[in-house]
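Notes follow once the structure below has been shown.
There are 2 protein chains.
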Amino acid sequence: MERSSATSGGSTRREATRQKLYEAAVTLIAEQGFSATTVDEIAERAGVAKGTVYYNFASKSVLFEELLRHGVGLLTASLREAAERTAAEGGSRVDALDAMVRAGLVFIDRYPAFTQLYVAELWRTNRAWQSTLMVVRQEAVAVVEGVLREGVAAGEFSDEIDVQLTAAALVGMVLVAALDWKSFQPERSLDDVHAALSRLLQGRVSGKG
Amino acid sequence: MERSSATSGGSTRREATRQKLYEAAVTLIAEQGFSATTVDEIAERAGVAKGTVYYNFASKSVLFEELLRHGVGLLTASLREAAERTAAEGGSRVDALDAMVRAGLVFIDRYPAFTQLYVAELWRTNRAWQSTLMVVRQEAVAVVEGVLREGVAAGEFSDEIDVQLTAAALVGMVLVAALDWKSFQPERSLDDVHAALSRLLQGRVSGKG
DNA sequence: ATTTTTGCACTGACCAGTCAGTTTAAAAAT
DNA sequence: ATTTTTAAACTGACTGGTCAGTGCAAAAAT
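Those protein sequences? They're chains A and B, same order as listed. For the first sequence, full-length UniProt numbering begins at 1 and goes up steadily by one. For the second sequence, full-length UniProt numbering begins at 1 and goes up steadily by one.
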């Protein structure tokens, strides 16, 4: 298991330990919440000594904050990639929105525990990691807002839409539908769920279809 | 003795105390989460001794469960009323959906803390009140599903829509948009937010408008 | 040789739940 | 009317347990 360090000083062993801790923490916190999850549990599930947690992270809160940043970083990158790919392929803004819906679903499909945890913490106030959460939320929502704004500028969307609120509503639509999917109809395919949301997104609900 | 408890107003001493405890608990738990909120805090904010909490509720969890039931009961009643009123006035199913969106917004406007708390707990697993939450969620979503199903039967909605998933998506849309409203643009009026969501609901996003 | 991990004992703060005793107010007795 | 009785409602100090974080010497990995 030798992994030569192409990058500077950063040790690979340490990184692997941190990754194990992220994975252990994310599922436990998703299930139980931050306060109800103990550091001993996290260490045990990660197969690591408690001292190692504190060797790698300053505190339980810091571990959680870095976990949040890590996870949302993945989501944001994925959304951005979807929007850019669509644009490069000459798709419309609606196509871009649709591609982002799918990217969101793929993310939630792959990291359901992280999504649960994120939703559970997002609207809390008076918490230590409040500011981290705000920053990280804004990065993700901003990608959606960007596409909406471009669409309005290009005359593709009505200039009467409320960009900020509409972005929030779209994110909510995907988030809640996907969590419902995972919780109550896990046997359904991603394509299936995507198709249902596309229909809603494009207003193809009314009418006999 | 004979506490004349049947006075329909429900204004026995005990009932008043329980109400105070609900109000104290809902804001604290919304801010901090269940585990991070102590019974001492709840008692203090309610202006009551800790023992009183345990005189009125079997445990901290039971207090929370009854709080959940209480709150979702209000929401469900409100959604149902909105749907029925619209039908009685001869409105279409889209009108009913729209009225329910507004009822949801009104509820969140009035009980923002409850909404926060509800969303934060809804998708958690392995929690004591899991089953309570499921039941209570289903009651609320079922109202939306009912309207969608009627609409499909009446040919008002496409028979290709996925009722369950669409209902979840609609609930999510309103929930997330409203929490965003309260968190980041609290100065906006309810009508304003409602208008933005109506537009999205009716697919009036694409096009120059 | 240095970084990282382990194992484990320890501390001090914190907290859910208990319980013996006190207050409240309505009913019964005088 | 006034006093006495009763049961429900409430109080708050106390207990037993839990948990984040520490300290450190030895071991393992690089």
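In this text, a Cβ means the ideal position worked out from N, Cα and C, and glycines have one as well.
(1) Does the stretch 39–54 of chain A come close enough to the stretch 119–128 of chain A to have 3 or more Cβ pairs within less than 8 Å?
(2) Here's the rule I'm using: 16 or more other beta-carbon atoms within 10 Å means buried, otherwise exposed. How should residue 131/B be labelled?
(3) What are the start and end residues of the alpha helix (DSSP H) that includes residue 58/B?
(4) Taking only the alpha-carbon atoms, compute the straight-line gap between residue 194/B and residue 102/B and give it to the nearest angstrom.
(5) Answer with buried or exposed for residue 59/A, where buried requires no fewer than 16 other C-beta atoms within 10 angstroms of its C-beta.
(6) Skipping 5 residues on each side, what residues in its chain have a beta carbon closer than 8 Å to that of residue 82/B?
(7) Quick check on the DSSP output: the alpha helix (DSSP H) that includes residue 198/A runs from which residue to which?
(8) I want to verify the contact list: residues of chain B whose CB lies under 8 Å from the CB of residue 124/A, in sequence order.
(9) Specify whether the stretch 64–71 of chain A and the stretch 153–160 of chain B touch according to this definition: at least 3 beta carbon pairs, one from each stretch, less than 8 Å apart.
(10) Starting from residue 181/B, find everything on chain A with Cβ-Cβ shorter than 9 Å and list it in chain order.
(11) Within 10 angstroms of the Cβ of residue 125/B, are there 16 or more other Cβ atoms? Answer buried if so, exposed if not.
(12) Whole angstroms are fine: how far does the CA of residue 44/B sit from the CA of residue 173/B?
(13) Restricting to Cα atoms, I'd like to know which of 22/B, 198/B and 76/B is closest to residue 46/B.
(14) Tell whether a beta-carbon distance below 8 Å holds between residue 80/A and residue 150/A.
(15) Counting only Cβ pairs nearer than 9 Å, list the residues of chain A close to residue 108/B.
(16) Flag this pair as yes or no: are the beta carbons of residue 76/B and residue 179/B separated by less than 8 Å?
(17) State the DSSP-derived secondary structure class of residue 157/A, mapped to helix, strand or coil.
(18) Could you tell me which uninterrupted alpha helix (DSSP H) segments, each at least 4 residues in length, are contained entirely in the stretch 5–46 of chain B, listed from first to last along the chain?
(19) Evaluate residue 78/A with the Cβ neighbour count: other Cβ atoms within 10 Å of its Cβ, from every protein chain shown; 16 or more gives buried, anything less gives exposed.
(20) State yes or no: is the beta carbon of residue 173/B nearer than 8 Å to at least one beta carbon in chain A?
(21) For chain B, find out if any of its Cβ atoms is closer than 8 Å to the Cβ of residue 101/A; answer yes or no.
(22) Got a sec: which bits of the stretch 180–204 of chain B sit with their beta carbon under 9 Å from any beta carbon on chain A, in order along the chain?
(23) Between which two residues does the alpha helix (DSSP H) carrying residue 172/B extend?
(24) Quick one: does residue 36/B have its CB under 8 Å from some CB of chain A?
(25) CB residue 129/A to CB residue 57/A, shorter than 8 Å?
(26) Could you tell me if residue 112/A is buried or exposed, where buried requires 16 or more neighbouring beta carbons within 10 angstroms of its beta carbon?
(27) Any chance the CB of residue 36/A is under 7 Å from a heavy atom of the ligand SAH?
(28) Note the first and the last residue of the continuous alpha helix (DSSP H) segment covering residue 118/B.
(29) Check the Cβ of residue 176/A against every Cβ in chain B and list those closer than 8 Å, keeping chain order.
(30) For residue 32/B and residue 127/A, what's the separation of their Cα atoms in angstroms?
(31) Identify which residue in 105/A, 26/A and 16/A has its Cα closest to the Cα of residue 191/A.
(32) Nearest CA to the CA of residue 167/B: which residue from 168/A, 142/A and 177/A?
(33) Is it buried or exposed for residue 24/A, if we count other Cβ within 10 angstroms and need 16 for buried?
(34) Taking just the CA atoms, how far does residue 87/B sit from residue 108/B?
For this structure:
(1) With a cut-off of 8 Å, the stretch 119–128 of chain A and the stretch 39–54 of chain A do not count as touching, because too few Cβ pairs lie within range.
(2) Along the second sequence, read from residue 1 onward, the residue named residue 131/B stands at position 131. By the neighbour-count criterion, in which 16 or more other beta carbons inside 10 Å mark a residue as buried, residue 131/B falls on the exposed side.
(3) By one-based count along the second sequence, residue 58/B stands at place 58. No alpha helix (DSSP H) holds residue 58/B; DSSP gives it neither H nor E.
(4) As a working mapping, residue 194/B is identified with position 194 in the second sequence. As a working mapping, residue 102/B is identified with position 102 in the second sequence. Taking the straight line joining both Cα atoms gives about 6 Å.
(5) Position 59 of the first sequence, counted from the first residue, corresponds to residue 59/A. Exposed, by the Cβ-count rule.
(6) Along the second sequence, one-based indexing puts residue 82/B at 82. Closer than 8 Å at the Cβ level, and outside the excluded window around residue 82/B, lie 96, 99, 100, 102 and 103.
(7) Taking the first residue of the first sequence as 1, we reach residue 198/A at position 198. That run of the alpha helix (DSSP H) goes 190–201.
(8) The sequence position of residue 124/A within the first sequence is 124, counting from 1. Going along chain B in sequence order, the residues near residue 124/A (Cβ under 8 Å) are 30, 31, 32, 33, 116 and 120.
(9) no
(10) One-based indexing of the second sequence puts residue 181/B at position 181. Those are 165 and 168, listed as they occur along chain A.
(11) Taking the first residue of the second sequence as position 1, residue 125/B is located at position 125. So residue 125/B ends up on the exposed side.
(12) Here the question's residue 173/B lines up with position 173 in the second sequence. Here the question's residue 44/B lines up with position 44 in the second sequence. It is roughly 36 Å from the alpha-carbon of residue 173/B to the alpha-carbon of residue 44/B.
(13) Within the second sequence, numbered from 1, the residue matching residue 46/B stands at position 46. For residue 46/B, the nearest C-alpha among the options comes from 22/B.
(14) Taking the first residue of the first sequence as 1, we reach residue 80/A at position 80. Taking the first residue of the first sequence as 1, we reach residue 150/A at position 150. Their beta carbons are not under 8 Å apart, which means residue 80/A does not touch residue 150/A by this criterion.
(15) On the second sequence, position 108 is the one that residue 108/B refers to. Within 9 Å Cβ-Cβ: nothing; residue 108/B doesn't reach chain A, min ~11 Å.
(16) On the second sequence, residue 76/B is found 76 positions in, with the first residue counted as 1. On the second sequence, residue 179/B is found 179 positions in, with the first residue counted as 1. Not a contact, by the Cβ cut-off of 8 Å.
(17) Your numbering for residue 157/A matches position 157 in the first sequence. Note: residue 157/A maps to strand in three-state DSSP.
(18) 13–32 and 39–46
(19) For this step, residue 78/A is matched to residue 78 along the first sequence. By the neighbour-count rule (16 or more Cβ atoms within 10 Å), residue 78/A is buried.
(20) As a working note, residue 173/B is residue 173 in the second sequence. Output row for residue 173/B: interface = yes.
(21) Residue numbering aside, residue 101/A sits at position 101 when the first sequence is read from its first letter. False, the Cβ-Cβ gap to chain B never drops below 8 Å.
(22) 180, 181, 182, 183, 184, 185, 188, 192, 193, 195, 196, 197, 199, 200, 201, 202, 203 and 204
(23) As a first step, residue 172/B is located in the second sequence; it is residue number 172 there, counting from the start. First-last of the alpha helix (DSSP H) with residue 172/B: 163–184.
(24) Position 36 of the second sequence, counted from the start, is the residue given in the question as residue 36/B. Interface residue, yes.
(25) Numbered from its first residue, the first sequence carries residue 129/A at position 129. Numbered from its first residue, the first sequence carries residue 57/A at position 57. No, they are not a contact pair.
(26) As a working note, residue 112/A is residue 112 in the first sequence. Answer is buried; the Cβ neighbour count reaches 16.
(27) Because no ligand of any kind appears in the structure shown, any question about the ligand SAH cannot be addressed here.
(28) Here residue 118/B refers to the residue found at position 118 of the second sequence. 112–122 is the span of the alpha helix (DSSP H), which, as asked, contains residue 118/B.
(29) To locate residue 176/A, count along the first sequence from 1; it is residue 176. Within chain B, the residues near residue 176/A are 168, 169, 171, 172, 173, 175 and 176.
(30) Locating residue 32/B in the second sequence gives position 32, where the first residue counts as 1. Locating residue 127/A in the first sequence gives position 127, where the first residue counts as 1. Looking at the two C-alpha atoms, the distance is approximately 7 Å.
(31) Taking the first sequence and counting its residues from 1, one reaches residue 191/A at position 191. The shortest Cα separation from residue 191/A among 105/A, 26/A and 16/A belongs to 105/A.
(32) Counting from one through the second sequence, the residue named residue 167/B turns up at place 167. The shortest C-alpha separation from residue 167/B is found at 177/A.
(33) Taking the first residue of the first sequence as 1, we reach residue 24/A at position 24. Buried, since its Cβ has 16 or more Cβ neighbours within 10 Å.
(34) To locate residue 108/B, count along the second sequence from 1; it is residue 108. To locate residue 87/B, count along the second sequence from 1; it is residue 87. Rounded to the nearest whole angstrom, the C-alpha separation of residue 108/B and residue 87/B is 23 Å.
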